[in-house]
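A quick write-up on the structure given underneath.
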Amino acid sequence: METGQQQQPFLAGCLVMLCAGMALAKFCGWQAGSWGMAALLAAAGASGILIWRSSRWSWLALLLAAFLLGWVRFDAARTLPENDIVHLAGQEVKVTGTLREEPRVTEDLTGQRKVRYALDVSKARLAGDEQIRSGGLYVYARVAEGEVPAAQVGDRLTAVGKIKAPHGYRNPGQLDTRGLLRAQGITASLAAGKRGVTIEPQAGYAFARWITGVREHYRAAMSAVMPREDAAAIFALLFGGYEGIRPELLEDFTTAGIVHILSVSGSHISLLAAVMAWLGTLFRLPRQATAVLVIGVIIIYSILAGCVPPVIRSAIMGGLAFLALSLEREKAAGRILVLTGLVMLVVSPLLLFHISFQLSFLATAGLLYLAPAIRGWLLQRGWPEFLAGSFAITIAAQAAALPILAWYFNQLSLAALLANLLVVPILEWMIVAALLAGLVAFFLPLAGKLVFAGDSLLLGAVAELTRGIAHLPASQVWVPSLGAFWSGLYYSGLVFCLLPLELRQRWQAALLRQKQLLVVLLAAVCLLAGWRYMQPAEMTVHFIDVGQGDACLVITPGHHAFMIDTGGTRDGAFDVGARVDIPYLWHYGVRKLDYIFLTHAHEDHAAGAGAIVRKLPVGKVVTASEGAAAYRRSLQLPAVPPVTLAEAEEGASFCIDGVKLEVIFAPKQLDAKGRAGNEASNVYRVSYGKASFLFTGDLVTENETKLLAQGKKVRSTVLKVGHHGSDTSTSEAFLQAVAPKWGVFCVGADNSFGHPRPEVVKRLETAGVTIYRTDKDGAVVFHTDGEKMRVEAYGAGEFAE
58 METGQQQQPF LAGCLVMLCA GMALAKFCGW QAGSWGMAAL LAAAGASGIL
108 IWRSSRWSWL ALLLAAFLLG WVRFDAARTL PENDIVHLAG QEVKVTGTLR
158 EEPRVTEDLT GQRKVRYALD VSKARLAGDE QIRSGGLYVY ARVAEGEVPA
208 AQVGDRLTAV GKIKAPHGYR NPGQLDTRGL LRAQGITASL AAGKRGVTIE
258 PQAGYAFARW ITGVREHYRA AMSAVMPRED AAAIFALLFG GYEGIRPELL
308 EDFTTAGIVH ILSVSGSHIS LLAAVMAWLG TLFRLPRQAT AVLVIGVIII
358 YSILAGCVPP VIRSAIMGGL AFLALSLERE KAAGRILVLT GLVMLVVSPL
408 LLFHISFQLS FLATAGLLYL APAIRGWLLQ RGWPEFLAGS FAITIAAQAA
458 ALPILAWYFN QLSLAALLAN LLVVPILEWM IVAALLAGLV AFFLPLAGKL
508 VFAGDSLLLG AVAELTRGIA HLPASQVWVP SLGAFWSGLY YSGLVFCLLP
558 LELRQRWQAA LLRQKQLLVV LLAAVCLLAG WRYMQPAEMT VHFIDVGQGD
608 ACLVITPGHH AFMIDTGGTR DGAFDVGARV DIPYLWHYGV RKLDYIFLTH
658 AHEDHAAGAG AIVRKLPVGK VVTASEGAAA YRRSLQLPAV PPVTLAEAEE
708 GASFCIDGVK LEVIFAPKQL DAKGRAGNEA SNVYRVSYGK ASFLFTGDLV
758 TENETKLLAQ GKKVRSTVLK VGHHGSDTST SEAFLQAVAP KWGVFCVGAD
808 NSFGHPRPEV VKRLETAGVT IYRTDKDGAV VFHTDGEKMR VEAYGAGEFA
858 E
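Those letters in the sequence shown? Residues 58 to 858, by my numbering.
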């Protein structure tokens, strides 16, 4: 490669190598240390020498330097300083810090209102010892109905409570909550106790408080003339966020593929830029003046939206895409986009694994590279200009981000084509009208209220239209998760399709001339397919990370599936079934279940099943002895549930594709009021060949003794440890009878019950059992062909602390 030639491919190569180095640091856990820094300096020095000598191999040394830079930067970014607040996790601390943003009040499904403060920690008092501390901290406190936190950006806040390291649900395809927070500078959280929080007003921070005041002006003006939920939705259209939006509207927007409109994204920036460009044309402004107008409005909007990192990224990328497409300078914009990505990742390496950055960058790349090609192809086939442009933008954005969408959501919205054509233009006019209404309301309050009221009426029409589109047949289609190899192949295909026709033909001709190579590749593919076909059929058993609860998925060799427990939540604040179970099932291609077996009706075992039976076809739900009414309450099902509920009978067995499930214990223990507790837990045993799994729910020691006295076959290869590792279960005698090789604790991180108990863990370790825990290992998956067993523990990429 000649110096200065092929700049865009070279910059793209540097970006790819930088990302590869960061991925190596994250997924392989390799720490750079002094050796990594020495290697980086050596590569940089070699690059300088080769460039000075005008060597044709200088580009190779630069790519190596980019790879090492990614490795070193990510390793440095994930390692927190010694005085970070997260190092006090698990301890009761009095923390003082400065509010970095306005407090956010939320309401969970139970109606409980909470306020979240985000602060930059300055000091912490621990056991009378005051220490200088750093890091970002979320402080949560309860707030009464109608109460508004009297706090502003820059105020000093003091709170007392236990420090917790953030934990999410660490399953394949699940968003890495800890990584997302770390990218925002948040390293820990604290739940304020009865003493709550103390706020000391501070002077200064006039600009930040002015921004907050403007946003509150918009919120108050809307709330004065429309229902609270409508105000929340229109506020989200303007400034992003999902707080207070009706769940039905949010789901319809998601199904219709336009939920991005409720987050500040590149589409908002492009919309404002388009309106300003239209005004520039209307008033016949010079191109330079129009460009200044566009840039100025983008800057003002970014300030109003809070200048948070996602907004800044969207402003850069969305504004860039619009200017490039309008000025027909896609190639120059492409170089700037790649340079922007390089700078952003070098400055903040954790962004690489932030879904907002991934989707923003890829969607912008799609608009720059794919949209013009698709639009031209459609125009050549007689499509009207308006339709060709709208369809090209929608298809380009989804095609560019497809592997990311498939990995996290496994859903592709076909309805998005229609929604972007019919709904999005209305929403865009609503956004522009609402922004202008807020400005007008400063001077003419009545006029602003009239515009906001019109927006509220339009929102009702939009909601009905979106609902109709979302419920069309095949509005969403399932797409399989794409791993690194298939994603690379997919993007290679896209790049090949975008190459100039002459270059594509040259490559095709070159490949056809290499007939021996093609024969070898074809033979290799046939051998690989044959080898895979000859492998023994496997059963997989998944212990899903659902926090403090049990949820297990069994996929048979014939790709049938059933679940044993589904997890849930005790306070109703988070729907584990909809937010964790269903995404996990989709990730593994499970779109229907033959059975759901529930050990008992407690929410942390059964509540997730409600969302599953509403979203997926389920053959039958097999329950314990509590009765149908208890399960309808736990699953939040109507009086006539959409699935058959059948009580398990002890001794019954089910066989699917050679996988056998036995109900080896089904006690019928109810109190005087007809209620049952952990004593009612059913015990299921799943076997395939010589491999077996024992699921005990919350079986208590008393019933373990009864089970052993009955002489039931409990010996198993894998034990799902009873009651999350409580000392009320897994007695010495029961453990000896099961004699497992592996034990799995389904347990939530930092749970208030102290599970698993140290004595139970010690008991398993003494017995030589290999232990896995969902709070530390994430989802745990066992693969077996009936003879051999292998185990995978999914980790979301732990950060060094």
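Where is the CB? At the ideal position from N, CA and C, for every residue including glycine.
Being a predicted model, the structure only gives us computed values, none of them experimental.
Inside the region 510-535, DSSP marks whole beta strand (DSSP E) runs of 3 or more residues at positions 533-535, from first to last along the chain. As the crow flies, the alpha-carbon of residue 69 is around 43 Å from that of residue 494. When the Cα atoms are used, residue 99 and residue 313 turn out to be separated by approximately 51 Å. Judged by beta-carbon spacing, residue 686 lies beyond the 8 Å limit of residue 625, meaning their Cβ atoms are not closer than that value.
For residue 187, the uninterrupted beta strand (DSSP E) run begins and ends at 186-189, by DSSP.
With a beta-carbon spacing of about 4 Å, residue 773 and residue 751 fall inside the 8 Å limit used to define contacts. Contact between residue 272 and residue 210 is absent: CB atoms are separated by about 11 Å, not below the 8 Å threshold.
Between the region 245-265 and the region 191-199 there are three or more inter-stretch CB-CB distances shorter than 8 Å, so the stretches are counted as touching.
Proximity of the region 144-153 to the region 86-95 falls short of the contact definition, fewer than three beta-carbon pairs being nearer than 8 Å.
Within the same chain, and ignoring the five residues on either side of residue 710 in sequence, the residues whose Cβ sits closer than 8 Å to its Cβ are 717, 718, 719 and 720. Nearest C-alpha to residue 621 among 594, 296, 691 and 742: 742. Per the DSSP secondary-structure output, residue 650 pairs in a beta bridge with 675. Separation of the CB atoms of residue 309 and residue 636 is rounded to 17 Å, and the pair is thereby denied contact status at 8 Å.
Residue 810 carries a coil assignment under DSSP once its states are collapsed to helix, strand and coil.
Assigned with DSSP and collapsed to three states, residue 605 falls in coil, not helix or strand. Between the C-alpha atoms of residue 549 and residue 427 there is a straight-line separation of about 14 Å. Residue 113 sits in coil when the DSSP states are folded into three classes, being neither helix nor strand.
By DSSP's assignment, residue 710 forms a beta bridge with 719.
Take residue 799, set aside five residues on each side of it, and the residues of its chain with a beta-carbon closer than 6 Å to its own are 775 and 827, in chain order.
If you look at residue 157, you'll find it isn't in any alpha helix (DSSP H); DSSP assigns it neither H nor E. Judged by beta-carbon spacing, residue 71 lies within the 8 Å limit of residue 399, meaning their Cβ atoms are closer than that value.
Cβ neighbours of residue 820 within its own chain (closer than 8 Å, five residues either side excluded): 787, 789 and 792.
Cβ-Cβ distances below 6 Å link residue 303 to 286 in the same chain, with the five nearest sequence neighbours on each side left out; the list follows chain order.
In this structure, DSSP gives residue 631 a state outside helix and strand, which the three-state scheme calls coil. Within 10 angstroms of the beta-carbon of residue 777 lie 16 or more other beta-carbons, which makes it buried. Within the same chain, and ignoring the five residues on either side of residue 658 in sequence, the residues whose Cβ sits closer than 6 Å to its Cβ are 683, 687, 688 and 691. Assigned with DSSP and collapsed to three states, residue 224 falls in coil, not helix or strand. Around residue 74, the same chain offers 120, 121, 123, 124 and 127 as residues with beta carbons nearer than 8 Å, after the five sequence neighbours per side are excluded. Counting of Cβ neighbours within 10 angstroms places residue 747 among the exposed residues, the total staying below 16.
The beta-carbon separation of residue 702 and residue 680, rounded to 6 Å, stays under the 8 Å limit for a contact. In the three-state DSSP reduction, residue 144 falls in the helix class (H, G or I). Beyond the five residues adjoining it in sequence on each side, residue 261 comes within less than 8 Å, by CB distance, of 211 in the same chain, given in chain order.
About 14 Å separates the Cβ atoms of residue 655 and residue 668, ruling out a contact at the 8 Å cut-off. C-alpha of residue 278 to C-alpha of residue 522: approximately 26 Å in a straight line. Ranked by Cα distance from residue 152, the first of 846, 462 and 181 is 181.
As computed with DSSP, residue 799 is found in a beta bridge with 775 and 827.
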